[in-house]
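Visitor:
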Amino acid sequence: MSAYIIRRVWQMIPTMLGVVLLVFILFNTVGGDPAYVLAGKISSQEQIDNIRRQIGVDQPYYVQLGIFVKQIVTADFGASWSTNERVSNILATRLGPSLTVLVPLLVISTLIAIALALAVAYVRGSLTDRMVMIVCTVGLSISILVYIIVFQYFFAYKLGWFPVQGWGDSVSENLFHYALLPILIALVVSIAPNLRLYRTFVLDEINQDYVRTARAKGVSENRIMWIHVLRNASIPIITHLMSELPGLLLGAFLIERFFSIPGIGREVILAVERSDFPVIKAITVYVAFATIVSNLLADLTYKAVDPRVQLK
Amino acid sequence: MEPLVSVRNLHVSFRLDKHTTFEAVKGISFDIPKDSTMALVGESGSGKSVTSLAILGLLPVENSIVDPKSEIIYGGRNLLKLPMRQLRDLRGADISMIFQEPMTSLNPVFTVGYQLEEVLKLHMGMSGRRARERAIALLTEVGIPDPTRRIDAYPSQLSGGQQQRVMIAMAIACEPKLLIADEPTTALDVTIQKQILDLIAELQKKHQMSVLFITHDLAVVGEIADHVVVMRNGEIREQGPAKRVFEAPQDAYTKALLKCRPQLERRPVRLPVIDDFMSGNPRADKDAPERKRGIRPTDPIILEVNQLGKSFYSREGLFGKREFKAVKDVSFRLAKGKTLGLVGESGSGKTTIGLTLMRLHEATTGEALFEGRDLLSMSPKEFMTYKRRIQIIFQNPYASLNPRFTIGQILTEPMEIHGIGANAQERTDLAFELLNKVGLAEVSFYKYPHEFSGGQRQRIAVARCLTMKPDILICDESVSALDVSVQAQVLNLLQDLQDEFGLSYIFISHDLAVVKYISDQVMVMNEGEIIEIANSDEIYKHPKMPYTQRLLAAIPKGWHGEHAARAND
Amino acid sequence: MPHDIPLKSATLTPREVPHTVSPGLWTLAWRRLKTDYVGTVSLAIVAIFVALMILSGFGLIASDWSKETGVNYAPPSFLGADYEGGTPAAPAEPAAAPPTASEYKSQIVDPIGDVIAQLKAGKAPSEVPAAPAEEEKSVDPLADIMAEIRGGKGAKKEATAPIEERKATLPLGGDKWGRDVLKKTIKGSETSIFVGIASAIVATFLGTAFGALAGYYGRWVDDVFNWFYSVFSSIPYLLLVLAVAAVLQQKGILTIILILGLTGWTGTFRLLRAEYLKHKAREYVQAADALGASNVRRMFMHIFPNVSHVVLVQMSILVVAFIKSEVILSFLGFGVPVDVVSWGSMLNEAQNELILGKWWQLAAAGTAMAILVTAFALFTDALRDALDPKLKGRLGS
């Protein structure tokens, strides 16, 4: 077991280096000279040279790469180009609001999707199953933008059931006041794809031989679904959830933007709009690292919950 | 005596799509007597498995239709009309079932104990503690070693034979009146098959239950059954006590089944095929003359293999590599125009030898001398010229032909690659000729593989090899996936080709009877090593090594009359 | 029986065997697809959209989308000119100068907040820029080619034409400047579908090529591509897209196609690699190896036709995904340039109009996209079923 973990951790390193390299190439070579971006449109050559020296792009590439790696390791990306706030401070303060929306969303959406998936898989092929699947397909094909615009307009602006936007200081106020509509919208949007996916996981299991054995033993259909099938289907579901986690952090960026929730996703959009490279670089690299670690955890969980897999 | 279960006029159809249904079982009737073993025999598509699933109501609800006039009577009740609740109470308690694939039939994420206790709690109302004790007792009864420890094992931690024992323990847990065994030994090695068959027979006697044994293998039936029902294409061809069916079969199809399969005692020049019987060909019933087999030391050698070894590596620990020796220092010689049979159980390395000789696997050690040249060490470019002279036919006729190619493309491709035939027309003509040779219509040239049956596809695979006029043909379990009647046809074809072209065969199979029939010389393998190599008659009559003796003893011998007394009372 | 059949002597005269050509697997799949009612209808809808895209791309329809033919916020014809929000809310002044960059940005940050603030202050909301007069500089995908064909006449002429009498209603209403929403929707479909299809082709090609090489050759080739894959897939897709968008300062159709295509290949890679790995071990490929077929021949002649249905299905999944991504990118202002209309830029305008009760542009763009994407998704399902019938009707025994 420990040998396996050590080996997997060891294998993470090239991937992390690859991410660093990719981000570096993207921001330092593909995009042209960042000094021009930072200096803005009207600036003299002297100003640009000054900036180049400041941010170190006059140095050879390997030195710049060294600086970048050092920034990552020390978590010190300097200050934002547009607000002068410390990047580390931006990251630290934006995480909380994102999680306030994401954690309840994740829990509720997963539970609902699993329950619905079992239910429609149980009546597979029936009219209900097909109707649910068609509703999912249609629901999925409406742009998330339309959901947000319409829901915000209707429930918040027109009916006044929820605040149109905003964010407070206390967690409970945020959670039970400001985050409600965003979570509701995200639920509507996220259940359909999850339901479709989980349904295929459940269907894969329903056709297995052990289900026939359970029937031959006289086990009731309910017990077959909730004990035998769910326990097996939970393996791909857990793995899927684990590997999706860091991506979710950004998945809600449109919602954060519309509802002015000061989270990571909104920060990314702001940074892209302002060409605020240090912030984008920091978020990209750290979210990628989080994904890599999360994939490792997903792998380990998978091996822990599936007795068929032997650790070597 | 009143039967335990009466099947009356059973019709089962499957809905294939909106407009077409396929009738799998066409109105069959039979009785399962109390306290006896009844075998349901048939080839694929005979409807035997469908029948067994119908008894427990396990047919897939989405697309199966059971005719409303059909009846399956058990204890005065029609199981087909029983409310779901009552049927569930019978399942696992009065009637239980085991399946072909023990590995997938057990739930992989629950321990063996959990699954055993589940059935005890469900039907016997046992508490956790008592259920566990009973589960351990059951595991002991079916011969699982160290049951107090194994009860907490997951199915994947047990061998295939042990998994099937656990399935049996689960099935007999509630002392059922009827045990349905659907091909329970087909996926197992012959020695394990023997053990499982013995166990089922022993439990049947001990618990005085009835067993409905579904199989395609008449030899197994002869070992175990008191009564036999022979099915074909959804109909019953013949039924009766085992003694009568084996000793005086009435139906042509039953006769054919009994004769088509190679037997250890006889080796006719040609195997009779099913059409001989069904068309009432008079020569079918007569025993064909025997064929002499074996090699003499003076026979010329075409391939000499020395110290062949093949290792696979898997990762272990932090930096470690674990070596798995699939083939260890194997040396043998193949005589020209003769057949070398390679037998062994799964994991014996027999298939690896075939693939390594073809250079589909890279050999770890050793050499294979063909016309004095080592095939294994020459450069890939050099090997190209030898490639066409040594060819292989795989096990699965459904997987070995490219589904996107027409038969014409399949046959002409190797000729194009090796520059056989001057132009496209010559190649096409040769392809037609070979289709004739393997007994297929010339129209086949324009068809796709999915339009052919398993036996026909295997003929196409043979024809594809023949396009290159090889000297050596490796048959890797080439007839193992085929039904008995089709198997005989393909074996005859291989024999005809050897007689006509003097091909040398390496015939790899787990089926000892088939290997005995087709081989001049037999090589027995176990765990990557050669156990024994000798002329085939010699090895079957006088096996020298204990492993060979065990292997031969495990072969189902078919009907020998020992059940006669029981079946008649 | 084989040995009873006499060996025919090889003849050199061409032999003709009467035969009907058997249907191949593609033909069979097409037949199955035709019997699938949902699949056929979906395919028809997709075909209509693609036809619209082509017609619009060649300037045959909706080429004058930027012409202000109706009054500002003209309501849809079926509602009549007297619809409550229908009377011009703002003076019938053609759009003011494009907002400055700072205005534009602040709006992006707080879309509705700004509008509300402006409403409170009694001002009409400023709009996202779409200066019609600059139309001729279009970066419209096919328009550049078309410009030569049309030989100078076209967008410019229309845009600068004197303002004719404006209609009180338009078929699907008008936008702030009184442009026809129906025409905008058609033009927007052209952009969005073109971007979706083109970037799906790029991504599928990359994913297939990489997957085939990695899965087939294994060993170090596989290691390299896997490393490449894990690097790309460890950055969440949209973050990667946004990062690339941030770096590439110039906007344009080609840029979005490249961004989406170069970042979206990972899913296809994973699937195709697995398929090649699986098929490489199949007996028909081993048989091809045994009979001397080269690596290239095995990869492309033998395996590829057997996995091409996966590629096809994957591509149609990607088209849908990329259309959605394009809409979001353009909505945020990182996608198409301001002078090109796409569903995303329409939705961007529409969110402000909704506050004023002018819902038709939102409805038009949203519905057009929903219909196409639904049809495409259902068609993809039908395609998958038709190409791989095993998945659907599994026999129980």
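Chains as they are written, first to last, in the numbering used here: chain W, 1 to 312; chain Y, 313 to 881; chain D, 882 to 1278. Every residue gets a Cβ at the ideal spot worked out from N, C-alpha and C, and that includes glycine.
#1: Rounded to the nearest angstrom, what separates residue 317 of chain W and residue 303 of chain W at their Cα positions?
#2: In the DSSP assignment, find the unbroken beta strand (DSSP E) run with residue 643 of chain Y in it and report its ends.
#3: Can you check the segment 687 to 713 of chain Y for any beta strand (DSSP E) of at least 3 residues that lies completely inside it and give the ranges in chain order?
#4: Examine chain Y for any beta-carbon lying closer than 7 Å to the beta-carbon of residue 1170 of chain D, and answer yes or no.
#5: Can you have a look at residue 989 of chain D and say buried or exposed, based on whether 16 or more other CB atoms are within 10 angstroms of its CB?
#6: Could you check whether the segment 902 to 912 of chain D touches the segment 847 to 864 of chain Y, counting it as contact only if at least three pairs of C-beta atoms, one from each stretch, sit closer than 8 Å?
#7: Using a Cβ-Cβ cut-off of less than 7 Å, give me the residues of the segment 1244 to 1258 of chain D that come near chain W, in sequence order.
#8: Counting beta carbon pairs with one atom in the segment 188 to 201 of chain W and one in the segment 110 to 123 of chain W, are three or more of them shorter than 8 Å?
#9: If we count the other Cβ atoms within 10 Å of its Cβ and call it buried at 16 or more, is residue 509 of chain Y buried or exposed?
#10: Which two residues bound the contiguous alpha helix (DSSP H) that contains residue 451 of chain Y?
#11: Which residues, taken in chain order from the segment 118 to 131 of chain W, show a beta carbon closer than 8 Å to some beta carbon of chain Y?
#12: Below 7 Å CB to CB, which residues in the same chain sit around residue 202 of chain W once its five sequence neighbours on both sides are set aside?
#13: Determine, for residue 263 of chain Y, whether the minimum Cβ-Cβ distance to residues of chain D falls below 7 Å.
#14: Considering Cα atoms alone, identify which of Y/816, Y/807, Y/811 is closest to residue 826 of chain Y.
#15: Let me know the secondary structure DSSP gives residue 463 of chain Y once reduced to three states.
#16: Does the beta-carbon of residue 307 of chain W, which I'm using as the reference point, lie nearer than 6 Å to any heavy atom of the ligand NAD?
#17: Can you name the residues of chain Y whose CB is closer than 9 Å to the CB of residue 1174 of chain D?
#18: Going by DSSP, name the residue or residues bridged to residue 551 of chain Y.
#19: Is residue 335 of chain Y helix, strand or coil by DSSP?
#20: List, in chain order, every chain W residue whose beta-carbon is nearer than 8 Å to that of residue 370 of chain Y.
#21: Between residue 78 of chain W and chain D, is there a C-beta pair that is closer than 7 Å?
#22: Secondary structure at residue 20 of chain W, three-state DSSP: helix, strand or coil?
#23: Between the beta-carbon of residue 301 of chain W and the beta-carbon of residue 238 of chain W, is there less than 7 Å?
#24: Do we get a CB-CB distance below 7 Å when we pair residue 403 of chain Y with the residues of chain W?
#25: Can you name the residues that DSSP bridges to residue 136 of chain W?
#26: Let me check understanding here. Comparing Cα to Cα, which of D/1230, D/1073, D/1253 lies closest to residue 1060 of chain D?
#27: Counting contacts by CB-CB distance shorter than 7 Å, is residue 823 of chain D in contact with chain Y?
#28: Put residue 68 of chain W into one of helix, strand or coil per three-state DSSP.
#29: Should residue 326 of chain Y be flagged as near chain W, meaning a C-beta pair shorter than 7 Å?
#30: Measure the Cβ-Cβ separation of residue 182 of chain W and residue 259 of chain W and say whether it is below 7 Å.
#31: By the 8 Å beta-carbon criterion, what residues does the segment 1123 to 1156 of chain D contribute toward chain Y?
#32: Check the Cβ-Cβ distances between residue 1167 of chain D and every residue of chain W, and say whether any is below 7 Å.
#33: Going by Cα to Cα distance, which pick from Y/838, Y/604, Y/396, Y/379 is closest to residue 660 of chain Y?
#34: State whether the segment 741 to 760 of chain Y contacts the segment 524 to 540 of chain Y, with contact taken as three or more CB pairs (one from each stretch) at a distance under 8 Å.
#35: Is residue 1080 of chain D near residue 1223 of chain D, with beta carbons less than 7 Å apart?
#36: Evaluate residue 62 of chain W with the Cβ neighbour count: other Cβ atoms within 10 Å of its Cβ, from every protein chain shown; 16 or more gives buried, anything less gives exposed.
Guide: Result, derived from the coordinates:
#1: Outside the displayed range of chain W (1 to 312) lies residue 317 of chain W, so it cannot be described from this structure.
#2: Here the beta strand (DSSP E) through residue 643 of chain Y covers 632 to 647.
#3: Counting only runs of at least 3 residues, the segment 687 to 713 of chain Y fully encloses the following beta strand (DSSP E) elements, listed from N- to C-terminal order: 702 to 705.
#4: With respect to chain Y, the C-beta atom of residue 1170 of chain D has a partner C-beta closer than 7 Å.
#5: Here residue 989 of chain D scores only 40 on pLDDT, less than 50, and its place in the model is too uncertain to base an answer on.
#6: Short answer: they don't touch.
#7: With the criterion set as a beta carbon lying under 7 Å from some beta carbon of chain W, the members of the segment 1244 to 1258 of chain D are 1247, 1250, 1251, 1254, 1255, 1258, in sequence order.
#8: A contact exists between the segment 110 to 123 of chain W and the segment 188 to 201 of chain W.
#9: Burial check for residue 509 of chain Y: the Cβ neighbour count within 10 Å reaches 16 or more, so the residue is buried.
#10: Counting along the chain, the alpha helix (DSSP H) containing residue 451 of chain Y begins and ends at 440 to 453.
#11: Correct list: 124, 125.
#12: Excluding positions up to five away in sequence, the list reads 117, 118, 121, 229, 233.
#13: Because chain Y here runs from 313 to 881, residue 263 of chain Y falls outside it and cannot be looked at.
#14: Among Y/816, Y/807, Y/811, the Cα nearest to that of residue 826 of chain Y belongs to Y/807.
#15: The answer is coil: DSSP assigns residue 463 of chain Y none of H, G, I, E or B.
#16: Only the bare structure without any ligand can be found here, which leaves the ligand NAD out of the picture.
#17: Residues of chain Y passing the Cβ test: 725, 726, 729.
#18: In DSSP, residue 551 of chain Y forms a bridge with Y/541.
#19: Strand at residue 335 of chain Y.
#20: Residues of chain W with a Cβ closer than 8 Å to the Cβ of residue 370 of chain Y are, in chain order, 212, 215, 216.
#21: No, residue 78 of chain W does not count as interfacial toward chain D.
#22: Here residue 20 of chain W sits in helix by DSSP.
#23: Going by C-beta atoms, residue 301 of chain W is nearer than 7 Å to residue 238 of chain W.
#24: Yes, contact with chain W.
#25: Answer is none; residue 136 of chain W lacks a bridge partner.
#26: Minimum Cα distance to residue 1060 of chain D is reached at D/1230.
#27: Any answer about residue 823 of chain D is impossible in this case: the structure gives chain D only from 882 up to 1278.
#28: The three-state reading of DSSP puts residue 68 of chain W in helix, counting H, G and I together.
#29: With 7 Å as the cut-off, residue 326 of chain Y does not count as an interface residue toward chain W.
#30: Closer than 7 Å, so yes.
#31: Near chain Y, meaning a CB-to-CB distance below 8 Å, no residue of the segment 1123 to 1156 of chain D qualifies.
#32: With 7 Å as the cut-off, residue 1167 of chain D does not count as an interface residue toward chain W.
#33: Among Y/838, Y/604, Y/396, Y/379, the Cα nearest to that of residue 660 of chain Y is on Y/838.
#34: Touching, no, given that fewer than three Cβ pairs across the two stretches are closer than 8 Å.
#35: Between residue 1080 of chain D and residue 1223 of chain D, the C-beta gap is not smaller than 7 Å, which leaves the two residues out of contact.
#36: Residue 62 of chain W is exposed by the Cβ-count criterion.
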